[in-house]
Amino acid sequence: MKKSGAEILVQGLMDQGVDTIFGYPGGAVLPIYDALYDANIKHILTRHEQGAAHAADGYARASGKAGVCLATSGPGATNLVTGIANAYMDSVPMVAFTGQVAQALLGRDSFQEADITGITLPVTKHNYIVKDIRDLAMIIKEAFHIATTGRPGPVLVDIPRDISGGEVEYKDPGPVNLPGYRPVLEGTEEQLNKAAAAILASERPVIYAGGGVINSGAHEELKKLAELLVAPVTTTLMGLGGFPGDHPLFLGMLGMHGSRYANYAVCEADLIIAVGARFDDRVAGKFDRFAPGARIIHIDIDPAEIGKNVRADIAIVGDVRVVLNQLLPRLQAKLPGAWQEKIDLWKKEYPITYVENGRLKPQQVIREIYNVTGGKARITTEVGQHQMWAAHYYTFTRPRSFISSGGLGTMGYGFPAAIGVQVACPDEVVFDIAGDGSIQMNIQEMATAVNYNLPVNVAILNNGFLGMVRQWQELFYNRRYSYTELINPDFVKLAEAYGAVGLRVDKAADLKPALEQAVRTNRPVVLDFIIDREDNVLPMVPPGESLENMIG
Amino acid sequence: MRHTLAVLVENNPGVLARVAGLFSRRGFNIDSLAVGRTERPDVSRMTIVVEGDDRVLEQVTKQLHKLVDVIKINDITPDEYVDRELVLIKVNCEPARRGEIMQVADVFRARIVDLGRKTVTVECTGNEGKINAFEESLRPYGIKELVRTGKIAMLRGNRSTSLDGKKDDE
Numbered sequence: 001m002k003k004s005g006a007e008i009l010v011q012g013l014m015d016q017g018v019d020t021i022f023g024y025p026g027g028a029v030l031p032i033y034d035a036l037y038d039a040n041i042k043h044i045l046t047r048h049e050q051g052a053a054h055a056a057d058g059y060a061r062a063s064g065k066a067g068v069c070l071a072t073s074g075p076g077a078t079n080l081v082t083g084i085a086n087a088y089m090d091s092v093p094m095v096a097f098t099g100q101v102a103q104a105l106l107g108r109d110s111f112q113e114a115d116i117t118g119i120t121l122p123v124t125k126h127n128y129i130v131k132d133i134r135d136l137a138m139i140i141k142e143a144f145h146i147a148t149t150g151r152p153g154p155v156l157v158d159i160p161r162d163i164s165g166g167e168v169e170y171k172d173p174g175p176v177n178l179p180g181y182r183p184v185l186e187g188t189e190e191q192l193n194k195a196a197a198a199i200l201a202s203e204r205p206v207i208y209a210g211g212g213v214i215n216s217g218a219h220e221e222l223k224k225l226a227e228l229l230v231a232p233v234t235t236t237l238m239g240l241g242g243f244p245g246d247h248p249l250f251l252g253m254l255g256m257h258g259s260r261y262a263n264y265a266v267c268e269a270d271l272i273i274a275v276g277a278r279f280d281d282r283v284a285g286k287f288d289r290f291a292p293g294a295r296i297i298h299i300d301i302d303p304a305e306i307g308k309n310v311r312a313d314i315a316i317v318g319d320v321r322v323v324l325n326q327l328l329p330r331l332q333a334k335l336p337g338a339w340q341e342k343i344d345l346w347k348k349e350y351p352i353t354y355v356e357n358g359r360l361k362p363q364q365v366i367r368e369i370y371n372v373t374g375g376k377a378r379i380t381t382e383v384g385q386h387q388m389w390a391a392h393y394y395t396f397t398r399p400r401s402f403i404s405s406g407g408l409g410t411m412g413y414g415f416p417a418a419i420g421v422q423v424a425c426p427d428e429v430v431f432d433i434a435g436d437g438s439i440q441m442n443i444q445e446m447a448t449a450v451n452y453n454l455p456v457n458v459a460i461l462n463n464g465f466l467g468m469v470r471q472w473q474e475l476f477y478n479r480r481y482s483y484t485e486l487i488n489p490d491f492v493k494l495a496e497a498y499g500a501v502g503l504r505v506d507k508a509a510d511l512k513p514a515l516e517q518a519v520r521t522n523r524p525v526v527l528d529f530i531i532d533r534e535d536n537v538l539p540m541v542p543p544g545e546s547l548e549n550m551i552g
Numbered sequence: 553m554r555h556t557l558a559v560l561v562e563n564n565p566g567v568l569a570r571v572a573g574l575f576s577r578r579g580f581n582i583d584s585l586a587v588g589r590t591e592r593p594d595v596s597r598m599t600i601v602v603e604g605d606d607r608v609l610e611q612v613t614k615q616l617h618k619l620v621d622v623i624k625i626n627d628i629t630p631d632e633y634v635d636r637e638l639v640l641i642k643v644n645c646e647p648a649r650r651g652e653i654m655q656v657a658d659v660f661r662a663r664i665v666d667l668g669r670k671t672v673t674v675e676c677t678g679n680e681g682k683i684n685a686f687e688e689s690l691r692p693y694g695i696k697e698l699v700r701t702g703k704i705a706m707l708r709g710n711r712s713t714s715l716d717g718k719k720d721d722e
């Protein structure tokens, strides 16, 4: 049977089980949009391509399936770039399709031409430009295979207009055969035995868990490991929810905005078990002074992460879940001792806390969101102070409940991501915890939320500042607040103008009723919380310091 | 230390850009890179000479492996191998001095491949040391133009780094 390129694309999406895509039409994707017009695929029209990329990312993180976004050539494609880079840094399975000018016009600086495969080379796991319509079906299949297996990541497929508009006799592409792509899933016996011996010999172990635990679905195995060894668990920002936040062995985050007890535990540990984490500079501080007295076991699916930033004494390359299942039978239960007592003392001595001063505190807001949602909401964030407060004060107990831009640190991520999360989880309560700066970076997606009646709640922690930058200016630049104060629109009126609900809260007494109303409302709600203006995220490790040197 | 990598890649458009881009964005230094097709039309082989300590080499190899188009990487530095470069040098030469230059060429088993009114062009193959020595020998005559291919290399004996070959096949 003959099929157009656009029809082959639709067929490929259906074959991959894709039921939802996020996109924005344009000239070079007209054939594709024509095929989508009567396809059995839900298309969410965002108001900016960046919104489509982040929404696909949020959808992927909430569902575990590949997120799919679609944009036209040129500016449509370049507008996806931040979202693709964001997915790349956080290992999110995503397939981005872009239209391209017809091949006859390629390389001639044609209208809306951009070399998007060249531009996205460093921020995709792999990318393609389709030059022969007979390759299209296989490329789509390979793209999903690469995006979702091994260490997940974004794959971009650039489709010239003559390919999507062309026709060919359709053939099933058959199995994927990529000789250069063979992710290793299982650890080797030798490394597993070495790791088991090191674990059994250790007296002061700390488990350091990252986003790999969530990507591989290893949260149960991680809990078993921690409980078997009575080993405290600290997670990265990406790892939040990979271990129950209310578990007695949980230490919270480590690193720049980690808890004191997590950082102290890492500094005094004799063994670090790194599970699906990559020793990011915000986590490890000074690389050569990370966990100075510890042997380090590094379990990761990406061999290039081993020894990249911090030395690994024992490396196990493999899928975290598979490796933990291989490792667990080699271990024996341990009993709590002096190490666990010491950590409990630190926990009592240095809790993460804040001082009430009569003004509305951001920490209170987060805590109340937790209370009102019973800890069951899916939380997305933007990037900045509010993100760290969300990480500290909302207790995440299940994987895929905290969805945040970690590696790239993309302001403007949280709101479109929340839209993607709400599409993936239509019956759950979704909150985007935002700052007054970040929310304005993709505020146009309010129209999308209203358009599709997605009852996303946006909690703006409004302090009239780019708060995190202001905090650094306060601490390290002598309070010279250079261009960090914001004159903001009236967010309540803005919400109403878009057809959403707007609520303003400026005192603690109104918190609970407003949040309850927001959760009850089956429409998008913007909550404008007027918070204490110059509050800081504390404690913190100053940049370039090692983890024991915390301030605040 | 300098390492010589034999890298087999899918013969896809853009694969050179992927490899070159990787080296530049991760801050790895390429001394030389030569690429061409192999005994299989769908596979190309790059010989990459890279400068760095063991940690850098480990990262180079692992990051290269992450490229989907890269099939196989061998660091052949510690092994016995043959390596060659080809150089073309155009030297200033009045007709009266041709004999002199031909003698130099003879010593290096180089060949005269073109004659101009006031130039000769010579080609020479060999390992890097020989090519360097040849270049130095011609420098006094005045080198007008010089082009080198970059190094290509192959293991000695029965062993091979081809797609089906095992490096450890003795």
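Chains as they are written, first to last, in my numbering: chain X, 1 to 552; chain A, 553 to 722. Idealized CB from N, CA, C, for every residue including glycine. Owing to the predicted nature of the structure, the values given are computational and were not obtained by experimental measurement.
Whole-angstrom Cβ separation of residue i and residue j, contact assumed at under 8 Å?
i                     : j                     : result
residue 337 (chain X) : residue 385 (chain X) : Not a contact, Cβ separation roughly 38 Å.
residue 460 (chain X) : residue 439 (chain X) : 5 Å
residue 332 (chain X) : residue 200 (chain X) : 7 Å
residue 54 (chain X)  : residue 413 (chain X) : 5 Å
Within 6 Å: the Cβ of residue i and any heavy atom of the ligand ZN?
i                     : result
residue 492 (chain X) : With respect to the ligand ZN, the structure shown offers nothing to examine, as it has no ligands at all.
Taking only three categories from DSSP, how would you classify residue i?
i                     : result
residue 57 (chain X)  : helix
residue 536 (chain X) : coil
residue 721 (chain A) : Residue placement at residue 721 (chain A) is flagged as unreliable, the pLDDT there being 48, under the threshold of 50; a coordinate-derived value is accordingly withheld.
residue 476 (chain X) : helix
residue 441 (chain X) : helix
residue 63 (chain X)  : helix
residue 457 (chain X) : strand
residue 436 (chain X) : coil
residue 269 (chain X) : coil
residue 446 (chain X) : helix
residue 468 (chain X) : helix
residue 333 (chain X) : coil
residue 650 (chain A) : helix
residue 228 (chain X) : helix
Strictly under 7 Å for the Cβ-Cβ distance: is residue i near chain X by that measure?
i                     : result
residue 589 (chain A) : no
residue 554 (chain A) : no
residue 623 (chain A) : yes
residue 579 (chain A) : no
residue 655 (chain A) : no
residue 672 (chain A) : no
residue 567 (chain A) : no
residue 620 (chain A) : yes
residue 709 (chain A) : no
residue 573 (chain A) : yes
residue 614 (chain A) : yes
Return no unless some Cβ of chain A is closer than 7 Å to the Cβ of residue i.
i                     : result
residue 303 (chain X) : yes
residue 121 (chain X) : yes
residue 477 (chain X) : no
residue 180 (chain X) : yes
residue 298 (chain X) : no
residue 126 (chain X) : yes
Whole runs of the beta strand (DSSP E) within the segment 489 to 519 of chain X, excluding any shorter than 3 residues:
Restricting attention to beta strand (DSSP E) runs no shorter than 3 residues, the segment 489 to 519 of chain X encloses them at 501 to 505, ordered along the chain.
Taking the runs of the beta strand (DSSP E) that are 3 residues or longer, which of them lie wholly in the segment 278 to 329 of chain X?
Secondary structure remark: continuous beta strand (DSSP E) runs of at least 3 residues inside the segment 278 to 329 of chain X, in chain order: 295 to 300, 314 to 317.
Only counting runs of 3 or more residues, tell me where the beta strand (DSSP E) segments fall wholly within the segment 354 to 422 of chain X, in order along the chain.
Correct list: 378 to 381.
Only counting runs of 4 or more residues, tell me where the alpha helix (DSSP H) segments fall wholly within the segment 85 to 148 of chain X, in order along the chain.
List check, alpha helix (DSSP H) in window: 116 to 119, 136 to 148.
Taking only runs of the alpha helix (DSSP H) that begin and end inside the segment 654 to 714 of chain A, which ones reach a length of at least 4 residues, in chain order?
Counting only runs that start and end inside the segment 654 to 714 of chain A, the alpha helix (DSSP H) elements of at least 4 residues fall at 680 to 690.
Extract the residue ranges of the beta strand (DSSP E) inside the segment 564 to 621 of chain A, only unbroken runs of 3 or more that lie entirely within it.
Residue ranges of uninterrupted beta strand (DSSP E) with 3 or more members, entirely inside the segment 564 to 621 of chain A and ordered along the chain, are 581 to 589, 595 to 603.
Contact between the segment 393 to 408 of chain X and the segment 466 to 476 of chain X: three or more CB pairs below 8 Å?
Contact fails between the segment 393 to 408 of chain X and the segment 466 to 476 of chain X, because fewer than three Cβ pairs, one in each stretch, are under 8 Å apart.
Every unbroken beta strand (DSSP E) inside the segment 14 to 46 of chain X [3 residues or more]:
The segment 14 to 46 of chain X contains, as complete beta strand (DSSP E) runs of 3+ residues, the segments 20 to 23, 42 to 45 (chain order).
Stretch-stretch touch, CB-based, cutoff 8 Å, three pairs: the segment 312 to 327 of chain X with the segment 185 to 192 of chain X
Short answer: they touch.
Could you tell me which whole beta strand (DSSP E) segments of length 3 or greater appear in the segment 157 to 220 of chain X?
Runs found: 167 to 169, 205 to 209.
On the three-pair Cβ rule with 8 Å, is the segment 556 to 566 of chain A touching the segment 527 to 537 of chain X?
At 8 Å Cβ cutoff, the stretches do not touch.
When you compare the segment 115 to 130 of chain X with the segment 71 to 91 of chain X, are there three or more beta-carbon pairs, one atom per stretch, that lie closer than 8 Å?
With the cut-off at 8 Å, the segment 115 to 130 of chain X and the segment 71 to 91 of chain X touch.
Quick test of the definition: if touching needs 3 or more C-beta pairs under 8 Å, does the segment 593 to 609 of chain A touch the segment 650 to 657 of chain A?
The segment 593 to 609 of chain A vs the segment 650 to 657 of chain A: no contact.
Below 8 Å, how does it come out for the segment 361 to 370 of chain X and the segment 209 to 229 of chain X: are there three or more Cβ pairs, yes or no?
Because the criterion of three Cβ pairs below 8 Å is not met, the segment 361 to 370 of chain X and the segment 209 to 229 of chain X do not touch.
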